[in-house]
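In our numbering, the protein residues as written are 4 to 386.
Where is the CB? At the ideal position from N, CA and C, for every residue including glycine.
Just so we're clear, the structure is a prediction, and the values are computed from it rather than from any experiment.
Report on the structure given below.
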Amino acid sequence: MTLTPFIQSTEQRNMIAQLHTLKEVIQTRGAEADRTNGFPADNFEDLLDIGYNTLTLPKAYGGKGFGIYDMLLCQETLASFDAATALSIGWHLGIVGDLYDQKFWDEDTLQTFATKITDERALTNRLLSEAITGSPTRGGRPGTQAVFLDGKWHVKGRKSFASLSYATTHYITSAWIEDKQAIGYFIIPHATAGVSIEETWDMLGMRGTASHDVLFDVELPEEAFVEWLAAPRTKANGWMLHIPAVYLGIAQAARDYALQFARTYQPNSLPHPIGELPHIQDKIGQIELKLKTSRHFLYDVAAKFEKPETRDDMTLELGAAKHIVVNNALDIVDLAMRIVGAQSLKADSPLNRYYRDVRAGLSNPPMDDMTISKLAKAALAEA
């Protein structure tokens, strides 16, 4: 199954075509970054060259003006080349889309930041996770502290899971402001004195995201403060669907690899390729069913979320989409490995990497237990 039935516009088709021109180099660099626990920096330079960082910036601010549905098509495509690259830049795309959709900042700051994206090739990420808080979706208070003194903000702390750490030009960082008893957000340029990266990222999967720890001990101008977090957000964030799109891309890549293997591998014990065996066809059929289920659910939720008349009804479906796509992707990679057999365990097998990368989806928000709990409570309330 391809994305063709889901492509709805010339703009979508053109961007996907541009991504395909980069497929081979992105795949090669991504595999090397996984092998060495490195960072495929040139992948992001190539993506910046085609304006990929402006994808979700509204046209009114100089961007391409892609919506959530558009973004998913591109992210799924990119993830089928290299999931770590897609997940890393996906945080930037989702944050920019949400930021300008909800207008969290004042207009002058939004305009200034938009110029940095369009003219200075800016990339950003919200740094929220800390070792002492666990997942920020659980509501822990950041240990990073911010104090306003003598006309400057003094921010000190350590953030973990900072995907895209080396390529990020502007960190959006949460900090606890003691005298206000509240959490605030600050824009901290990567070149600021007192910013450093500690190479702590040595994981089984998504190795090329370079999700190292970022340390801050900085002085910032007053305007670096951009936003209060007075309470948990009340509006659902559909831009977070960039996460399941990545794992759908992994599933598609695993399917393609297994299918090619089944079409061409013919041991001398058989008069035909293994794809003609009933038990192999059963696995391929299961893969196709799970892919169709995931893709239709994900893109239907995205399309309905973008319509004002149905957006409010999609809150639970956003979490359900991530749950369905990621867990189906886990199954699809497993089935693909069963088709290929022991060769899938080789260090240089793409399936080896897909198997490790897809596991990371379970740790991306929203967590499965929170999604299931919300669905259950909603059902009980409705009854």
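For W231, does the three-state DSSP call read helix, strand or coil?
-> Here residue 231 refers to the residue found at position 228 of the sequence shown. Residue state, collapsed to three classes: strand.
Tell me whether the beta-carbon of D220 lies closer than 8 Å to the beta-carbon of K293.
-> As a first step, residue 220 must be located in the sequence shown, where it is residue number 217. As a first step, residue 293 must be located in the sequence shown, where it is residue number 290. Not a contact, by the Cβ cut-off of 8 Å.
P8 versus S177 - alpha carbon distance | Reading the sequence shown from its first residue, position 5 is the one you call residue 8. Reading the sequence shown from its first residue, position 174 is the one you call residue 177. Distance between the alpha carbons of P8 and S177 is about 40 Å.
Residues near T195 by beta carbon distance below 6 Å, same chain, minus five either side = Locating residue 195 in the sequence shown gives position 192, where the first residue counts as 1. Excluding sequence neighbours, T195 sits near V221.
Strand pairing of G187, partner residues [DSSP] = The sequence position of residue 187 within the sequence shown is 184, counting from 1. For G187, which the question treats as bridged, DSSP gives the partners A178, W231.
Pull up the distance between the alpha-carbon of A350 and that of Y357, whole angstroms please.
-> Counted from its first residue, the sequence shown places residue 350 at position 347. Counted from its first residue, the sequence shown places residue 357 at position 354. Approximately 12 Å, taken between the alpha carbons.
Go ahead and pull the three-state DSSP assignment for L126.
-> Stepping through the sequence shown from its first residue, residue 126 is reached at position 123. The three-state reading of DSSP puts L126 in coil, since its state is none of H, G, I, E or B.
Classify S352 as helix, strand or coil using the three-state DSSP reduction.
-> The sequence position of residue 352 within the sequence shown is 349, counting from 1. Coil.
For my contact list, A87 and M209 are in at a C-beta cut-off of 8 Å; report their separation, rounded to the angstrom.
-> The residue labelled residue 87 in the question sits at position 84 within the sequence shown. The residue labelled residue 209 in the question sits at position 206 within the sequence shown. About 5 Å; that satisfies the 8 Å criterion.
As assigned by DSSP and simplified to three states, the class of L96 | The sequence position of residue 96 within the sequence shown is 93, counting from 1. DSSP places L96 in helix when its eight states are reduced to three.
Please classify E291: does DSSP put it in a helix, a strand, or coil?
-> Counted from its first residue, the sequence shown places residue 291 at position 288. The answer is helix: DSSP assigns E291 an H, G or I state.
If we ignore side chains and look at the alpha-carbon of each, how far apart do A44 and H193 end up?
-> Reading the sequence shown from its first residue, position 41 is the one you call residue 44. Reading the sequence shown from its first residue, position 190 is the one you call residue 193. Between A44 and H193, the C-alpha separation is close to 15 Å.
Stretch-stretch touch, CB-based, cutoff 8 Å, three pairs: the stretch 40–55 with the stretch 99–119 = Three or more Cβ pairs closer than 8 Å define a contact, and the stretch 40–55 falls short of that threshold against the stretch 99–119.
Beta-carbon contacts of A36 that lie in its chain and below 7 Å, excluding the five residues immediately before and after = The residue given as residue 36 occupies position 33 in the sequence shown. Result list for A36: F42, P43, A87, R210, G211, in chain order.
Mind reading off the beta-carbon distance from W179 to A149? Whole number of angstroms is fine, and I expect it under 8 Å.
-> The count along the sequence shown starts at 1 and reaches residue 179 at position 176. The count along the sequence shown starts at 1 and reaches residue 149 at position 146. Their Cβ separation, rounded to whole angstroms, is 7 Å, which keeps W179 and A149 in contact under 8 Å.
Same chain only: Cβ atoms within 7 Å of V361, ignoring 5 sequence neighbours per side | Walking along the sequence shown from the start, residue 361 turns up at place 358. Contacts found: Y250, I253, A332, L333, V336.
Excluding the five sequence neighbours on either side, which residues of its own chain have a C-beta within less than 7 Å of the C-beta of V329, listed in chain order?
-> For the purposes of this step, residue 329 is identified with residue 326 of the sequence shown, where counting begins at 1. Cβ neighbours of V329 within its own chain (closer than 7 Å, five residues either side excluded): P247, Y250, G364, L365.
Determine the extent of the beta strand (DSSP E) in which H390 is found, giving its start and end residues.
-> This structure cannot settle anything about residue 390, because the visible part of the chain is limited to 4 through 386.
Going by Cα to Cα distance, which pick from V229, D153, P369 is closest to Q114?
-> Within the sequence shown, residue 114 is the residue found at index 111, counting from 1. Here the closest residue by C-alpha is V229.
Where L25 sits in the DSSP three-state scheme | Position 22 of the sequence shown, counting from 1, holds the residue named residue 25. L25: coil per DSSP, three-state reduction.
Quick one: using the 10 Å Cβ neighbour count with 16 as the cut-off for buried, is A227 buried or exposed?
-> Start at 1 with the first residue of the sequence shown, and residue 227 comes out as number 224. By the neighbour-count rule (16 or more Cβ atoms within 10 Å), A227 is buried.
Quick one: any contact between the stretch 306–314 and the stretch 276–293, if contact means 3 or more CB pairs under 8 Å?
-> no
My understanding is that L58 touches F69, with C-beta atoms under 8 Å, so please give their C-beta distance in whole angstroms.
-> Stepping through the sequence shown from its first residue, residue 58 is reached at position 55. Stepping through the sequence shown from its first residue, residue 69 is reached at position 66. Contact annotation, L58 with F69: C-beta distance approximately 5 Å; criterion of less than 8 Å satisfied.
Just how far apart, CA to CA, sit F164 and S214?
-> Taking the sequence shown and counting its residues from 1, one reaches residue 164 at position 161. Taking the sequence shown and counting its residues from 1, one reaches residue 214 at position 211. When rounded, the distance between both Cα atoms is 5 Å.
Within 10 angstroms of its Cβ, does Q263 collect 16 or more other Cβ (buried), or is it exposed?
-> The residue given as residue 263 occupies position 260 in the sequence shown. Around the CB of Q263, fewer than 16 other CB atoms lie within 10 Å, so the residue is classed as exposed.
Is DSSP giving A213 helix, strand or coil here?
-> What you label residue 213 is simply residue 210 of the sequence shown in a count that begins at 1. In the structure shown, A213 sits in coil (DSSP, three-state: anything other than H, G, I, E or B).
Nearest to L319 by alpha carbon, out of L244, T24, Y260, I186?
-> Translated into positions along the sequence shown, residue 319 becomes position 316. Of L244, T24, Y260, I186, the residue nearest in Cα terms is L244.
Could you check the C-alpha separation between K155 and L223 for me, to the nearest Å?
-> The sequence position of residue 155 within the sequence shown is 152, counting from 1. The sequence position of residue 223 within the sequence shown is 220, counting from 1. So the alpha carbons of these two residues sit roughly 6 Å apart.
T374 beta carbon less than 8 Å from that of A2 = Past the edges of the chain, shown from 4 to 386, lies residue 2, and the structure says nothing about it.
Please confirm if the stretch 19–29 is in contact with the stretch 71–81, defined as three or more CB-CB distances below 8 Å between the two stretches.
-> yes
Buried or exposed: where does T147 fall if 16 or more other Cβ atoms within 10 Å of its Cβ makes it buried?
-> Position 144 of the sequence shown, counted from the first residue, corresponds to residue 147. Classification of T147: buried, given that the 10 Å Cβ count is 16 or more.
Cβ shell of Y72 (< 7 Å), same chain only, five flanking positions each side left out = As a position in the sequence shown, residue 72 is number 69, starting the count at 1. Counting only Cβ-Cβ distances below 7 Å, and skipping sequence neighbours, we find Y302, A305, A306, E309.
Where L76 sits in the DSSP three-state scheme = By one-based count along the sequence shown, residue 76 stands at place 73. Note: L76 maps to helix in three-state DSSP.
Delimiting residues of the alpha helix (DSSP H) encompassing I335 | On the sequence shown, residue 335 is found 332 positions in, with the first residue counted as 1. Here the alpha helix (DSSP H) through I335 covers 318–343.
Can you name, in chain order, every residue of its own chain whose Cβ lies under 6 Å from the Cβ of R161, other than the five neighbours on each side?
-> Taking the sequence shown and counting its residues from 1, one reaches residue 161 at position 158. Excluding residues within five positions, the ones whose Cβ falls inside 6 Å are D216, L218.
Which residues share a DSSP beta bridge with Q148?
-> For the purposes of this step, residue 148 is taken as residue 145 along the sequence shown, with counting starting at 1. According to DSSP, residue pairing for Q148 in a beta bridge involves K159, W179.
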